[in-house]
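In our numbering, the protein residues as written are 18 to 309.
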(Lines of atoms letter the chains of each structure in order from A and count residues from 1; the text may use other names and numbers.)
(Lines give C-alpha, C1' and ligand atoms only; values in the text may rest on other atoms or scores of the structure.)
Protein backbone atom coordinates (compact mmCIF):
# COMPACT_ATOMS: atom_id res chain seq x y z
CA UNK A 1 0.00 0.00 0.00
CA UNK A 2 1.36 3.43 -0.96
CA UNK A 3 2.19 5.79 1.86
CA UNK A 4 1.59 8.94 -0.21
CA UNK A 5 -1.01 9.89 -2.81
CA UNK A 6 1.58 11.39 -5.18
CA UNK A 7 5.19 10.57 -5.97
CA UNK A 8 7.10 13.24 -7.87
CA UNK A 9 10.31 12.63 -9.81
CA UNK A 10 12.56 15.64 -10.38
CA UNK A 11 15.30 15.56 -13.01
CA UNK A 12 17.34 18.53 -11.84
CA UNK A 13 19.71 20.71 -13.82
CA UNK A 14 21.42 24.03 -13.19
CA UNK A 15 18.60 26.13 -14.66
CA UNK A 16 15.66 23.76 -15.12
CA UNK A 17 13.85 20.83 -13.50
CA UNK A 18 11.87 18.22 -15.42
CA UNK A 19 8.88 17.08 -13.35
CA UNK A 20 6.85 13.85 -13.53
CA UNK A 21 4.10 12.66 -11.19
CA UNK A 22 3.10 9.10 -10.29
CA UNK A 23 -0.20 8.77 -8.46
CA UNK A 24 -0.60 6.07 -5.83
CA UNK A 25 -1.45 2.73 -7.41
CA UNK A 26 -0.24 1.34 -10.71
CA UNK A 27 -1.12 4.08 -13.17
CA UNK A 28 1.54 5.28 -15.59
CA UNK A 29 3.47 8.37 -14.44
CA UNK A 30 2.48 11.56 -16.24
CA UNK A 31 4.87 14.25 -17.33
CA UNK A 32 4.10 17.60 -15.70
CA UNK A 33 6.60 19.67 -17.66
CA UNK A 34 9.73 21.70 -17.11
CA UNK A 35 10.10 24.44 -14.52
CA UNK A 36 12.87 26.84 -13.59
CA UNK A 37 15.26 25.68 -10.89
CA UNK A 38 14.37 28.46 -8.46
CA UNK A 39 12.73 28.45 -5.01
CA UNK A 40 9.78 30.44 -6.39
CA UNK A 41 9.13 27.95 -9.20
CA UNK A 42 9.36 25.00 -6.80
CA UNK A 43 6.96 26.67 -4.39
CA UNK A 44 4.49 27.23 -7.23
CA UNK A 45 4.90 23.61 -8.37
CA UNK A 46 3.99 22.28 -4.93
CA UNK A 47 0.86 24.42 -4.75
CA UNK A 48 -0.20 23.43 -8.27
CA UNK A 49 0.14 19.65 -7.94
CA UNK A 50 -1.13 19.56 -4.37
CA UNK A 51 -4.03 22.01 -3.92
CA UNK A 52 -5.50 19.94 -1.08
CA UNK A 53 -2.38 20.34 1.05
CA UNK A 54 -1.60 16.62 1.43
CA UNK A 55 1.97 15.48 1.98
CA UNK A 56 3.70 14.63 -1.31
CA UNK A 57 6.85 12.53 -1.73
CA UNK A 58 9.51 14.01 -4.01
CA UNK A 59 12.80 12.55 -5.19
CA UNK A 60 15.79 13.66 -7.22
CA UNK A 61 19.30 12.38 -7.81
CA UNK A 62 22.23 13.77 -5.87
CA UNK A 63 24.42 16.03 -7.97
CA UNK A 64 26.01 19.45 -8.31
CA UNK A 65 22.79 21.26 -7.37
CA UNK A 66 23.26 20.25 -3.75
CA UNK A 67 20.57 19.85 -1.09
CA UNK A 68 18.71 23.15 -1.44
CA UNK A 69 15.69 21.55 -3.10
CA UNK A 70 15.51 18.88 -0.40
CA UNK A 71 15.63 21.47 2.37
CA UNK A 72 13.00 23.64 0.74
CA UNK A 73 10.56 20.76 0.20
CA UNK A 74 11.02 19.25 3.66
CA UNK A 75 10.73 22.74 5.12
CA UNK A 76 7.32 22.98 3.44
CA UNK A 77 6.30 19.77 5.21
CA UNK A 78 6.74 17.32 2.35
CA UNK A 79 8.83 14.17 2.01
CA UNK A 80 11.91 14.33 -0.20
CA UNK A 81 14.56 11.73 -0.96
CA UNK A 82 17.94 12.57 -2.46
CA UNK A 83 18.99 9.52 -4.46
CA UNK A 84 22.27 7.78 -5.16
CA UNK A 85 22.60 7.96 -8.98
CA UNK A 86 24.85 4.89 -9.09
CA UNK A 87 22.10 2.79 -7.49
CA UNK A 88 19.23 3.87 -9.73
CA UNK A 89 17.95 0.80 -11.66
CA UNK A 90 18.35 0.97 -15.44
CA UNK A 91 16.51 -1.07 -18.06
CA UNK A 92 18.87 -3.25 -20.15
CA UNK A 93 19.02 -2.03 -23.72
CA UNK A 94 17.35 1.32 -23.00
CA UNK A 95 19.30 3.72 -25.21
CA UNK A 96 16.95 6.70 -25.13
CA UNK A 97 17.69 9.20 -22.39
CA UNK A 98 15.76 12.45 -22.09
CA UNK A 99 14.84 14.68 -19.18
CA UNK A 100 11.21 13.64 -19.55
CA UNK A 101 11.97 9.91 -19.49
CA UNK A 102 14.34 10.35 -16.56
CA UNK A 103 11.77 12.21 -14.45
CA UNK A 104 9.05 9.67 -15.28
CA UNK A 105 11.37 6.81 -14.41
CA UNK A 106 12.27 8.42 -11.09
CA UNK A 107 8.60 8.92 -10.20
CA UNK A 108 7.72 5.32 -11.09
CA UNK A 109 10.67 3.77 -9.25
CA UNK A 110 10.16 6.03 -6.25
CA UNK A 111 6.55 4.90 -5.96
CA UNK A 112 7.70 1.27 -6.15
CA UNK A 113 10.28 1.82 -3.41
CA UNK A 114 13.15 0.74 -5.66
CA UNK A 115 15.40 3.77 -5.15
CA UNK A 116 18.18 4.23 -2.60
CA UNK A 117 18.37 7.53 -0.76
CA UNK A 118 21.59 9.09 0.47
CA UNK A 119 22.14 10.74 3.83
CA UNK A 120 21.52 14.49 3.70
CA UNK A 121 23.74 16.55 6.02
CA UNK A 122 22.32 19.39 8.06
CA UNK A 123 23.32 22.98 7.38
CA UNK A 124 26.00 22.99 10.08
CA UNK A 125 27.39 19.62 9.00
CA UNK A 126 27.60 20.72 5.38
CA UNK A 127 29.27 24.00 6.39
CA UNK A 128 31.99 22.17 8.35
CA UNK A 129 32.46 19.75 5.47
CA UNK A 130 32.83 22.66 3.06
CA UNK A 131 35.47 24.13 5.37
CA UNK A 132 37.52 20.92 5.59
CA UNK A 133 37.27 20.43 1.82
CA UNK A 134 38.31 24.03 1.21
CA UNK A 135 41.32 23.50 3.43
CA UNK A 136 42.22 20.39 1.44
CA UNK A 137 41.84 22.33 -1.82
CA UNK A 138 44.22 24.97 -0.49
CA UNK A 139 46.67 22.24 0.53
CA UNK A 140 46.59 20.73 -2.95
CA UNK A 141 47.24 24.17 -4.44
CA UNK A 142 50.16 24.62 -2.05
CA UNK A 143 51.72 21.33 -3.18
CA UNK A 144 51.28 22.25 -6.83
CA UNK A 145 52.93 25.67 -6.56
CA UNK A 146 55.78 24.21 -4.52
CA UNK A 147 56.41 21.67 -7.28
CA UNK A 148 56.41 24.43 -9.90
CA UNK A 149 58.91 26.50 -7.92
CA UNK A 150 61.11 23.48 -7.23
CA UNK A 151 61.09 22.50 -10.91
CA UNK A 152 61.95 26.06 -11.95
CA UNK A 153 64.94 26.15 -9.61
CA UNK A 154 66.14 22.71 -10.69
CA UNK A 155 65.83 23.59 -14.36
CA UNK A 156 68.16 26.55 -13.82
CA UNK A 157 70.68 24.71 -11.66
CA UNK A 158 69.69 26.33 -8.36
CA UNK A 159 69.96 23.60 -5.73
CA UNK A 160 69.35 24.03 -2.02
CA UNK A 161 71.90 22.05 0.00
CA UNK A 162 71.12 23.34 3.48
CA UNK A 163 70.83 21.14 6.54
CA UNK A 164 67.16 22.00 7.04
CA UNK A 165 64.28 20.58 5.00
CA UNK A 166 62.70 22.32 2.07
CA UNK A 167 60.10 25.02 2.77
CA UNK A 168 61.48 25.78 6.22
CA UNK A 169 62.51 29.29 7.24
CA UNK A 170 66.11 28.40 6.38
CA UNK A 171 65.02 27.35 2.89
CA UNK A 172 63.16 30.61 2.33
CA UNK A 173 66.15 32.61 3.61
CA UNK A 174 68.30 30.78 1.06
CA UNK A 175 65.84 31.68 -1.71
CA UNK A 176 66.10 35.35 -0.75
CA UNK A 177 69.70 35.27 -2.03
CA UNK A 178 69.01 33.35 -5.24
CA UNK A 179 69.74 35.53 -8.27
CA UNK A 180 69.20 35.00 -11.99
CA UNK A 181 71.16 36.59 -14.81
CA UNK A 182 68.12 37.66 -16.77
CA UNK A 183 65.77 40.13 -15.00
CA UNK A 184 62.68 38.43 -16.44
CA UNK A 185 63.68 35.12 -14.85
CA UNK A 186 64.19 36.92 -11.54
CA UNK A 187 60.65 38.26 -11.76
CA UNK A 188 59.29 34.78 -12.55
CA UNK A 189 61.18 33.33 -9.59
CA UNK A 190 59.92 35.96 -7.17
CA UNK A 191 56.35 35.45 -8.36
CA UNK A 192 56.67 31.71 -7.73
CA UNK A 193 57.99 32.36 -4.22
CA UNK A 194 55.16 34.81 -3.46
CA UNK A 195 52.62 32.29 -4.75
CA UNK A 196 53.97 29.61 -2.40
CA UNK A 197 53.79 31.98 0.57
CA UNK A 198 50.24 32.98 -0.31
CA UNK A 199 49.19 29.33 -0.59
CA UNK A 200 50.74 28.56 2.80
CA UNK A 201 48.93 31.55 4.28
CA UNK A 202 45.59 30.32 2.95
CA UNK A 203 46.12 26.87 4.45
CA UNK A 204 46.96 28.39 7.84
CA UNK A 205 43.88 30.60 7.60
CA UNK A 206 41.67 27.55 7.00
CA UNK A 207 43.27 25.73 9.93
CA UNK A 208 42.71 28.71 12.23
CA UNK A 209 39.06 28.64 11.23
CA UNK A 210 38.89 24.91 12.04
CA UNK A 211 40.25 25.64 15.50
CA UNK A 212 37.73 28.45 15.94
CA UNK A 213 34.58 26.50 15.02
CA UNK A 214 35.35 23.18 16.71
CA UNK A 215 34.02 24.16 20.14
CA UNK A 216 30.63 25.20 18.78
CA UNK A 217 30.13 22.11 16.58
CA UNK A 218 27.66 19.56 17.87
CA UNK A 219 30.05 16.74 16.92
CA UNK A 220 33.00 18.29 18.77
CA UNK A 221 33.02 15.50 21.43
CA UNK A 222 33.37 12.89 18.66
CA UNK A 223 36.22 14.84 17.08
CA UNK A 224 38.04 15.15 20.40
CA UNK A 225 37.53 11.46 21.07
CA UNK A 226 39.09 10.63 17.71
CA UNK A 227 42.01 12.93 18.53
CA UNK A 228 42.77 10.70 21.51
CA UNK A 229 44.16 8.18 19.02
CA UNK A 230 47.86 8.44 18.37
CA UNK A 231 48.76 10.38 15.23
CA UNK A 232 45.30 11.94 14.76
CA UNK A 233 45.33 15.72 14.97
CA UNK A 234 42.50 18.23 14.74
CA UNK A 235 42.58 18.53 10.95
CA UNK A 236 42.44 14.77 10.43
CA UNK A 237 39.69 14.24 13.00
CA UNK A 238 37.51 17.05 11.67
CA UNK A 239 38.00 15.90 8.08
CA UNK A 240 36.89 12.35 8.92
CA UNK A 241 33.87 13.37 11.01
CA UNK A 242 32.86 16.09 8.57
CA UNK A 243 32.61 13.46 5.83
CA UNK A 244 31.00 10.75 7.99
CA UNK A 245 28.56 12.95 9.90
CA UNK A 246 26.66 11.28 12.72
CA UNK A 247 28.20 7.81 12.99
CA UNK A 248 25.05 6.50 14.69
CA UNK A 249 23.32 6.62 11.27
CA UNK A 250 25.21 3.42 10.41
CA UNK A 251 23.29 0.39 11.63
CA UNK A 252 26.39 -1.72 12.26
CA UNK A 253 30.20 -1.56 12.18
CA UNK A 254 30.10 -3.59 8.94
CA UNK A 255 27.94 -0.91 7.30
CA UNK A 256 30.39 1.77 8.40
CA UNK A 257 33.32 -0.25 7.06
CA UNK A 258 31.50 -0.71 3.75
CA UNK A 259 30.96 3.06 3.52
CA UNK A 260 34.65 3.61 4.15
CA UNK A 261 35.54 1.11 1.43
CA UNK A 262 37.24 -1.31 3.81
CA UNK A 263 35.12 -4.38 2.96
CA UNK A 264 36.85 -6.50 0.25
CA UNK A 265 34.88 -7.85 -2.68
CA UNK A 266 34.60 -11.53 -3.62
CA UNK A 267 34.14 -13.09 -7.06
CA UNK A 268 33.52 -16.84 -6.81
CA UNK A 269 32.69 -19.26 -9.61
CA UNK A 270 32.96 -23.01 -9.21
CA UNK A 271 36.22 -23.80 -7.47
CA UNK A 272 37.68 -20.37 -8.21
CA UNK A 273 37.53 -17.66 -5.58
CA UNK A 274 38.99 -14.19 -6.01
CA UNK A 275 39.13 -11.56 -3.29
CA UNK A 276 39.86 -7.94 -4.07
CA UNK A 277 40.30 -4.89 -1.93
CA UNK A 278 38.27 -1.77 -2.60
CA UNK A 279 40.08 0.35 -5.19
CA UNK A 280 38.70 3.61 -3.84
CA UNK A 281 38.50 3.49 -0.04
CA UNK A 282 37.61 6.63 1.86
CA UNK A 283 40.52 8.16 3.66
CA UNK A 284 41.56 11.63 4.70
CA UNK A 285 44.23 13.05 2.44
CA UNK A 286 47.80 12.41 3.57
CA UNK A 287 48.19 16.17 3.85
CA UNK A 288 45.68 16.09 6.69
CA UNK A 289 47.64 13.60 8.72
CA UNK A 290 49.76 14.60 11.64
CA UNK A 291 53.19 13.24 10.81
CA UNK A 292 54.89 14.56 13.91
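Beta carbons are placed, not taken as given, at the ideal position from N, Cα and C, and that holds for glycine.
On a predicted model such as this, the values are computed, not experimentally measured, just so you know.
Task: Run of the alpha helix (DSSP H) containing residue 193, from where it starts to where it stops - done: 186-193
- [ ] Answer yes if the region 128-144 comes into contact with the region 188-201, meaning at least three C-beta pairs across the two stretches below 8 Å, and no otherwise.
- [x] no
Open item on the list: I'd like to check one pair, residue 119 with residue 35: are the Cβ atoms closer than 9 Å?
Closed with: yes
TODO: Might you give, ordered along the chain, the residues of its own chain that have their beta carbon closer than 6 Å to the beta carbon of residue 47, omitting 5 neighbours on each side?
DONE: 38
Open item on the list: In the DSSP output, what is residue 29 paired with across the bridge?
Closed with: 34
Task: residue 242 burial status per 10 Å Cβ neighbour count (16 or more: buried) - done: exposed
Open item on the list: Between the alpha carbons of residue 124 and residue 233, how many angstroms are there, rounded?
Closed with: 40 Å
Open item on the list: Taking 8 Å as the limit between beta carbons, can you name the residues of its chain near residue 23, skipping five residues before and five after?
Closed with: 38, 39, 40, 41, 66, 67, 71, 73, 74
- [ ] Return the CA-CA distance between residue 53 and residue 33, expressed in angstroms with no decimal places.
- [x] 4 Å
TODO: Note the first and the last residue of the continuous alpha helix (DSSP H) segment covering residue 213.
DONE: 200-230
- [ ] Report the partner residues of residue 74 according to the DSSP bridge assignment.
- [x] 24, 96
Open item on the list: I need the straight-line Cα distance from residue 116 to residue 84, nearest angstrom please.
Closed with: 20 Å
Open item on the list: Please identify the residue among 181, 197, 180, 152 whose C-alpha is closest to the C-alpha of residue 17.
Closed with: It is not possible to answer for residue 17, since the shown part of the chain is limited to 18 through 309.
TODO: Measure the alpha-carbon distance for residue 273 versus residue 136 and round it to whole angstroms.
DONE: 13 Å
Open item on the list: What does the Cβ neighbour count give for residue 262, buried or exposed, with the cut at 16 atoms within 10 Å?
Closed with: buried
- [ ] Tell me whether residue 47 sits in a helix, a strand or coil according to DSSP, three-state version.
- [x] strand
Open item on the list: For residue 220, count the other beta carbons within 10 Å of its own beta carbon; 16 or more makes it buried, fewer makes it exposed. Which is it?
Closed with: buried
- [ ] Look at the Cβ atom of residue 227, then the Cβ atom of residue 251, and state whether they are nearer than 9 Å.
- [x] yes
Task: Residue nearest to residue 240 in terms of C-alpha spacing, selected from 173, 259, 87 - done: 259
- [ ] Specify, as a first and last residue, the run of the alpha helix (DSSP H) that residue 243 falls within.
- [x] 237-244
Task: Three-way DSSP call (helix, strand, coil) for residue 134 in this model - done: strand
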